[in-house]
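K.L.:
Numbering (the working numbering), first residue to last: 2 to 268.
Just dropping this structure here.
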DNA sequence: GTACAGGTTCCGT
DNA sequence: ACGGAACCTGTA
């Protein structure tokens, strides 16, 4: 699938902005296991080439139907956002699998990106399904049922630390049906957040990341330390004032603004 | 050896 | 309700 060059889609920005953890540089592009297959993406002359047999899936996953230029214009209200957009304007918000996103952001707690990626790969390698593509070996993300039967100590080789019991708690609640991840799709953000927070290790920040990156609740604005820092420094708004500030400033597009500002905050 | 990292939970006021 | 320490591990 070929996508002509657009200022609204940059692979490096999209994969590097912290919303996803399984895209890796490979050859002259990137590769990732999404669901049960390997997707590859690379920049080529005049655009982006995406290698995946299911075009409908690619369209949904990369959110290709949405007009990002229009969104960026709507939130481009001051010099701060304008500067952020210079280096981050090619970010797209990926529509990711809720279960994988849930576990990934439980792991993100008090952690850094390289180690988050390492832990997720270890879990996939140990408990996912092996697939081979172009002679390379990959692993799918483990199903809830595959983790639900385990004791937290079984995750020790993945070096999750104190998060191991949270991952198992999530797996058991999802595998048993106690938590229905699908049902969150049709809830508003506040309802969805309260359901997700029933899982140990899921607080406001982790829940908001899942709502934004898996359920496309674009008004949600996850507040991590970087965002708190940059909103404080550049807008002079304290932690407790962020929600009101964001609602007033970015309205229903808070999540997009969060990604642009976050990318900017990390240089 | 010590501090700290994209957060949550627990235990004090 | 609210603020601070602890949590597992890897890295500086």
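Even for Gly, the Cβ is constructed at its ideal location relative to N, Cα and C.
1. Could you check which residue in 10, 48, 18 and 61 has the C-alpha nearest to that of residue 35?
2. I'd like to know whether the C-beta atoms of residue 44 and residue 95 end up nearer to each other than 9 Å.
3. Can you tell me which of the three DSSP states residue 139 falls into?
4. How many Å lie between residue 232 and residue 46 at the Cα?
5. On the criterion of 16 or more Cβ atoms from any shown chain inside 10 Å, does residue 3 qualify as buried, or is it exposed?
6. Jot down the residue ranges of each uninterrupted alpha helix (DSSP H) in the region 87-175, minimum 4 residues, whole runs only, in chain order.
7. Taking residue 49 as the reference, which of 72, 29 and 85 has the closest Cα?
8. According to DSSP, is residue 216 helix, strand or coil?
9. Is it the case that the Cβ atoms of residue 19 and residue 114 are separated by a distance below 9 Å?
10. Please name the residue, chosen from 239, 89, 263 and 6, that lies closest to residue 210 on a Cα-to-Cα basis.
11. Is the beta carbon of residue 183 sitting closer than 9 Å to the one on residue 92?
12. Terminal residues of the continuous alpha helix (DSSP H) containing residue 22?
13. Does the count of Cβ pairs from the region 52-70 and the region 137-146 closer than 8 Å reach three?
14. In this structure, how does DSSP classify residue 49 when only helix, strand and coil are distinguished?
15. So, for residue 190: in the same chain, excluding its five sequence neighbours on each side, which residues have a beta-carbon less than 7 Å away from its beta-carbon?
16. Residue range of the alpha helix (DSSP H) that residue 258 falls in?
17. Return the bridge partner residues of residue 34 from the DSSP annotation.
18. Please state whether DSSP places residue 10 in a helix, a strand or coil.
19. Quick test of the definition: if touching needs 3 or more C-beta pairs under 8 Å, does the region 67-80 touch the region 249-268?
P.N.:
Here's the rundown:
1. By one-based count along the first chain, residue 35 stands at place 34. Cα-wise, what sits closest to residue 35 is 61.
2. Against the first chain, residue 44 aligns to sequence position 43. Against the first chain, residue 95 aligns to sequence position 94. Going by C-beta atoms, residue 44 is not nearer than 9 Å to residue 95.
3. Against the first chain, residue 139 aligns to sequence position 138. Residue state, collapsed to three classes: strand.
4. Here residue 232 is taken as the residue at index 231 of the first chain, counted from 1. Here residue 46 is taken as the residue at index 45 of the first chain, counted from 1. Their backbone Cα atoms lie some 37 Å apart in a straight line.
5. Stepping through the first chain from its first residue, residue 3 is reached at position 2. Residue 3 is exposed by the Cβ-count criterion.
6. Runs of the alpha helix (DSSP H) lying entirely within the region 87-175 and spanning at least 4 residues, in chain order: 99-108, 114-128 and 145-149.
7. The residue you call residue 49 lines up with position 48 of the first chain. The shortest Cα separation from residue 49 among 72, 29 and 85 belongs to 29.
8. Position 215 of the first chain, counting from 1, holds the residue named residue 216. Of the three classes helix, strand and coil, the one that applies to residue 216 here is coil, per DSSP.
9. The residue labelled residue 19 in the question sits at position 18 within the first chain. The residue labelled residue 114 in the question sits at position 113 within the first chain. In this structure, residue 114 lies closer than 9 Å to residue 19 by Cβ.
10. Translated into positions along the first chain, residue 210 becomes position 209. Taking each of 239, 89, 263 and 6 in turn and checking the Cα distance to residue 210, the smallest one comes out for 263.
11. Translated into positions along the first chain, residue 183 becomes position 182. Translated into positions along the first chain, residue 92 becomes position 91. Going by C-beta atoms, residue 183 is not nearer than 9 Å to residue 92.
12. As a first step, residue 22 is located in the first chain; it is residue number 21 there, counting from the start. Following the DSSP letters along the chain, one finds residue 22 in no alpha helix (DSSP H), marked with neither H nor E.
13. no
14. Taking the first chain and counting its residues from 1, the one referred to as residue 49 is at position 48. Residue 49: strand per DSSP, three-state reduction.
15. Numbered from 1 along the first chain, position 189 holds the residue referred to as residue 190. Result list for residue 190: 212, 218, 220 and 221, in chain order.
16. As a first step, residue 258 is located in the first chain; it is residue number 257 there, counting from the start. Residues 255-266.
17. Mapped onto the first chain, residue 34 falls at position 33. Beta-bridge pairing links residue 34 to 39.
18. Taking the first residue of the first chain as position 1, residue 10 is located at position 9. Coil, per DSSP.
19. yes
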